[in-house]
Amino acid sequence: LPIYATTVSDCFSASAGDGIIAETANNCAASSSTGNGLLVGNALNCTGVTTSSSLGDQGIIANNAINCVGQSSLDNGIGTYTAANCYGYSTSGTGLYCRAATASFGYSSGGAGLYVLYVANNCSGQSVSNTAINAFGATVNNCYGLSSTGIGILADAVNNSWGKSESSQGINAKTVSNSYGYSESNRGISCSVVSGSYGQSNGSSFGINASQLAIGSYGYSATGTGLASTIVNSCSGSSVSYTYHYNMPP
Numbered sequence: 005l006p007i008y009a010t011t012v013s014d015c016f017s018a019s020a021g022d023g024i025i026a027e028t029a030n031n032c033a034a035s036s037s038t039g040n041g042l043l044v045g046n047a048l049n050c051t052g053v054t055t056s057s058s059l060g061d062q063g064i065i066a067n068n069a070i071n072c073v074g075q076s077s078l079d080n081g082i083g084t085y086t087a088a089n090c091y092g093y094s095t096s097g098t099g100l101y102c103r104a105a106t107a108s109f110g111y112s113s114g115g116a117g118l119y120v121l122y123v124a125n126n127c128s129g130q131s132v133s134n135t136a137i138n139a140f141g142a143t144v145n146n147c148y149g150l151s152s153t154g155i156g157i158l159a160d161a162v163n164n165s166w167g168k169s170e171s172s173q174g175i176n177a178k179t180v181s182n183s184y185g186y187s188e189s190n191r192g193i194s195c196s197v198v199s200g201s202y203g204q205s206n207g208s209s210f211g212i213n214a215s216q217l218a219i220g221s222y223g224y225s226a227t228g229t230g231l232a233s234t235i236v237n238s239c240s241g242s243s244v245s246y247t248y249h250y251n252m253p254p
């Protein structure tokens, strides 16, 4: 039966509709076949699962989620404003969808693993056929993104992170700093400005393609251009293409 309350602690619910609806849920678990697992304001140490085939039904919907696990078939595993130490899983939706994520992991077969609107810190995302970490317009710090056919990390700014893709770009961002991007057949790193980073393509694409500026970076490509940018400063690679260069051999 569903549970409706202001505060719920140490409870379990299995329901055809929403499993638990509350302002606060602590140490709870809920499953639903046609609704949301948990629909709460704040979730702490909770697990929510939905097997619903309808868009909008999520494992956990919360304003804030801490130490939570959410699973969904079609929509978000977890949908929240802030996530800390959370794990979200979805078969075809987004694993973890939030404004800000810390030390969290999102996985999806068909959707984005982790989707953040503002910032992701110390997070991981994985997707089979979509973007592993989708932070378009946002900042990614100390994160890891792995995708088979989608982009490893898509963001506005990527710092101290690692992005890998088999057939798409490892990292795609405006600025990339102290990061590693790898692609088996596409660009390792694609950006406007790159610094202190390493990009690798095992195919004929660019290891690093920075449209404006590259500083202190290295690009490798198996059969293409290792590093390419308009302005190159203190960079190297398997091959380097530039318009202007500084602190480098002619």
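Residue numbers (this note's numbering): 5 to 254.
Positions of the beta carbon are idealized from the N, C-alpha and C atoms, including for glycine.
Can you tell which of the options has the C-alpha that lies nearest to the C-alpha of residue i?
i	options	result
N138	K168, L121, N125	L121
I70	S196, I175, Y111, N30	N30
N134	T227, Y119, C195	Y119
S19	C32, Y148, L5	L5
What is the DSSP secondary structure of residue i, counted as helix, strand or coil?
i	result
G21	coil
A142	strand
E27	strand
S171	coil
L100	strand
A34	strand
A232	strand
L42	strand
S133	coil
Report the partner residues of residue i according to the DSSP bridge assignment.
i	result
Q75	V53, Y93
Y119	Y101, N138
I70	L48, A88
F109	Y91, S128
F16	A33
I64	L42, I82
Given residue i, which residues of its chain have a CB within under 6 Å of its CB, disregarding the five upstream and five downstream residues?
i	result
E27	T10, G45
Y101	N80, G83, Y119
T247	T234
V132	S113, S152
Excluding sequence positions up to five away, which residues of its chain have a Cβ less than 8 Å from the Cβ of residue i?
i	result
S96	S77, L78, S112, S113, G114, G115
Spatial neighbours of residue i within its chain, please: CB distance less than 7 Å, with the 5 preceding and 5 following residues excluded, ordered by chain position.
i	result
N182	N163, N164, G200, S201
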